[in-house]
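Report on one structure; see the data block that follows.
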Amino acid sequence: MKITMKDIAKEAGVSVATVSHVINGTKRISEEKEKRIWETIKKYNYVPDARAKQLRLQKTKTAALVVSSLPDSYVTGFVNAVGMRARELGYHLLFVNTNENLEHEKETIHLLSSHMVDGIILSPSQSDISYLQTYIDQHLPIVLVNRYDPKITNIPRVVADDFQAGYDATIHLLQHGHKHIGVIYGVPNVSTTNQRIEGYKTALQEHGVPFNEHYLEMGYATVEGGYNAVKTLLNRHKEITALFVLNDAMTIGALKGIHSLLLKCPDDIALIGFGDFEAASVTDPPITNIYLPPDTIGRTAFDILINRINNPNYCKSVSLPTSLIIRKSCGC
């Protein structure tokens, strides 16, 4: 239900005019009433339509980029690309890292909407982003990047073809004769993780290899997490001969974990990563990676945001193809 200024006034026990004066600062109101009104506004996540419309028409030439984490070179790459594209188009960019905290994300989006940036690029912390519908109804331009909620269809998104990425990595390992393939993932129940695992499962099914959910291990998207996940997984399932690791930081930790178990890569454990950090080609062994240029993601996301700002009905989503960079860690 859309909340109006009249609703705010009724709950706060004041007149609509008083609410208007508080919001616009046009008349001095008692501290007690003002506090009550702002608490009610915050409770219902209310943004005044008239003020929002007026400020948006003026254009702040400022956009916001809100990411859920900043753990690896892939995310850093698209953040930098968004910033460069913003400058090229004459925009200032506000940046917030929510550290996978949904409440921080919600508070950030509310703050940004209240202060009227022209639009927001968001990499959400969780798959359920139904709370954004309020802002979409208020015509705040939002573009999702990397992660998305499949139930929300009226927000444009820019993502990698994560299903194909998971499928391609698994097929490559299967072609090398591996049937026991582990997966180290960073964050559960987000579209990137879910789609890559679905691609992995489909590739296994097509080759008659049963899926074993115990071959999946969470690495918390960090170097240390990847290290611990590999040690846990390989000690629990010594039959595993290959790993697909779903981000750069965990890939570094995974290689360290393999070495700590006195195993050799790729002779004992083959390895494919995701993201392709700068040193991947000079590690021992050089690491095979699924790759999508992060600047492509970032620049595309900002261009779509500009289209959304200029045309509120614009809702084109883009799924970008990945590629497999073959080096020695997979056994090639």
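The opening position of the sequence shown corresponds to residue 80 in the working numbering, with each subsequent residue numbered one higher.
Positions of the beta carbon are idealized from the N, C-alpha and C atoms, including for glycine.
Model, not experiment: these values are computed from the prediction.
By the three-class DSSP mapping on this structure, what secondary structure does residue i have?
| i | result |
| --- | --- |
| A300 | coil |
| Y264 | strand |
| L325 | coil |
| G354 | coil |
| N392 | coil |
| R236 | strand |
| I159 | The sequence shown places Asn at residue 159, not Ile. If DSSP states are grouped into helix, strand and coil, N159 belongs with the helices. |
| V101 | helix |
| R130 | For R130, the pLDDT reaches just 46, beneath the cut-off of 50, and the residue's location in the model is therefore unreliable, although a value from the coordinates is still provided. Reduced to three states, the DSSP call for R130 is helix. |
| F290 | coil |
| A91 | helix |
| V269 | coil |
| S192 | helix |
| G377 | helix |
| N307 | helix |
| R107 | coil |
| S152 | helix |
| Y279 | helix |
| K343 | coil |
| Q254 | helix |
| T249 | helix |
Do residue j and residue i come within 7 Å of each other at the CB atom, strictly closer than that value?
| i | j | result |
| --- | --- | --- |
| G170 | K140 | Going by the sequence as given, residue 170 is Tyr instead of Gly. Cβ distance < 7 Å, so Y170 and K140 count as in contact. |
| V101 | I82 | no |
| I263 | E303 | no |
| C411 | I351 | no |
| S270 | R226 | yes |
| D151 | A359 | no |
| L252 | A321 | yes |
| P220 | I388 | yes |
| G245 | G278 | yes |
| Y37 | G305 | Nothing can be reported for residue 37, as the shown portion of the chain is limited to 80 through 411. |
| F242 | Q212 | no |
| K407 | P373 | no |
| I208 | D228 | yes |
| V95 | K112 | no |
| I405 | T367 | yes |
| N268 | S206 | yes |
Under the DSSP definition of a beta bridge, which residues are partnered with residue i?
| i | result |
| --- | --- |
| Y370 | S402 |
| T141 | H171 |
| L201 | V145, L223 |
| L295 | V262 |
| N178 | According to DSSP, which records beta bridges pairwise, N178 is partnered with nothing at all. |
| V397 | V237 |
| A96 | Its beta-bridge partners do not exist; DSSP assigns none. |
| A349 | A321 |
With a CB to CB cut of under 8 Å and the five nearest residues on each side skipped, what residues in its chain are close to residue i?
| i | result |
| --- | --- |
| L399 | V237, V238, A239, D240, L371, T375, I376, T379 |
| T105 | S99 |
| P391 | H218, P220 |
| R313 | Note on identity: in this sequence residue 313 is Leu, with Arg being the wrong assignment. The residues are G261, I319, G336, I337, L340, L342, I348. |
| Q284 | F290 |
| D216 | K81 |
Please go through the same chain and pick out, in chain order, the residues whose beta-carbon is closer than 6 Å to the beta-carbon of residue i, but skip the five residues on each side of it.
| i | result |
| --- | --- |
| S202 | V146, S147, V224, N225, R226 |
| D64 | Past the boundaries of the shown model lies residue 64; the chain is included only from 80 to 411, so the question cannot be answered. |
| N159 | none |
| E90 | T119 |
| I250 | A282 |
| N176 | V146, L149 |
| R130 | Only weak support is given to the placement of R130: the predicted model assigns it a pLDDT of 46, under 50, and the question is left unresolved by the model. |
| S204 | S147, T177, E179, L181, E184 |
| V288 | K258 |
| A143 | L173, L191, V196, I199 |
| Y294 | G261 |
| H286 | L253 |
| Y123 | I82 |
Enumerate in chain order the residues of its own chain whose CB-to-CB distance from residue i is below 7 Å, with the five nearest sequence positions on each side excluded.
| i | result |
| --- | --- |
| I108 | T97, H100, V101 |
| C394 | N233, P235 |
| H300 | Before going on, a small fix: residue 300 reads as Ala here, not His. Closer than 7 Å at the Cβ level, and outside the excluded window around A300, lie S148, P150, G265, V266, N326, A328, M329. |
| K280 | F290 |
| C344 | L334, I337, L350, P364, S408 |
Does the beta carbon of residue i come closer than 7 Å to any beta carbon on chain D?
| i | result |
| --- | --- |
| I366 | Within the model displayed, chain D is absent; a lone protein chain is all it includes. |
Touching or not, the region 183-191 and the region 366-386, by the rule of three or more beta carbon pairs under 8 Å?
-> no
Touch check for the region 379-394 and the region 251-259: three-plus C-beta pairs under 8 Å?
-> no
Cβ contact (3+ pairs, closer than 8 Å) linking the region 305-315 and the region 339-348 | yes
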